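For reference, the structure is listed below as structure tokens.
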Amino acid sequence: MGEKVYRATNPEHRKIAISLGFDPERLTATQARSIKAEQERRRSTVKMDPIDEMIRRGFPGRSTAEINAGFQGWLRGRGLKG
26 MGEKVYRATN PEHRKIAISL GFDPERLTAT QARSIKAEQE RRRSTVKMDP
76 IDEMIRRGFP GRSTAEINAG FQGWLRGRGL KG
């Protein structure tokens, strides 16, 4: 007898299944667990402003506040701000 087949009925699960390359109508137990894990990962990822994200990539390990403070200091040092 073959492995049990599951169907993704939750719209969010269906979307994730398709994005992972699975057929939402015929899922194995392992694929179903992968979908749940991906859903949890997406939920726990904090959405960031795209510009903040680009700035953070340029300065790994620094918070956006630290980067902004450094930039403000750089501007002041050149007499461009306050």
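Residue numbering for the sequence shown follows the working numbering, beginning at 26 and increasing consecutively. Backbone N, C-alpha and C fix where the C-beta goes; we use that ideal spot for every residue, glycine too. Predicted model, so just to flag it, every value in this text is computed and none were measured.
I think residue i touches residue j, with their Cβ atoms under 8 Å apart; what is that distance to the nearest whole Å?
i    : j   : result
R32  : P49 : 7 Å
L188 : V30 : Residue 188 lies beyond the residue range present for the chain, which begins at 26 and ends at 107; the question has no answer from this structure.
Leaving out the 5 sequence neighbours to the left and right, which residues in its chain are closer than 7 Å to residue i when beta-carbon positions are compared?
i   : result
I41 : I60, E63 and Q64
I81 : It is worth fixing the name first, because residue 81 is Arg in this sequence and not Ile. Within the same chain, R81 has close Cβ partners T89.
Quick one: grab the DSSP three-state call for residue i.
i    : result
L45  : coil
L105 : coil
Take residue i and list the residues in its own chain whose beta-carbon comes closer than 6 Å to its own, dropping the five residues that flank it on each side.
i   : result
R72 : One detail in the question is off: residue 72 reads as Lys in this sequence, not Arg. Contacts found: none.
Q56 : F47
Between the Cα of residue i and the Cα atoms of the options, which residue gives the shortest distance?
i   : options                 : result
G27 : R58, A54 and G104       : A54
R68 : Q56, E37, L105 and L100 : E37
I92 : T70, M79 and I43        : M79
Can you list, in chain order, the residues of its chain whose CB lies under 8 Å from that of residue i, leaving out five sequence neighbours each side?
i   : result
R39 : A33 and P49
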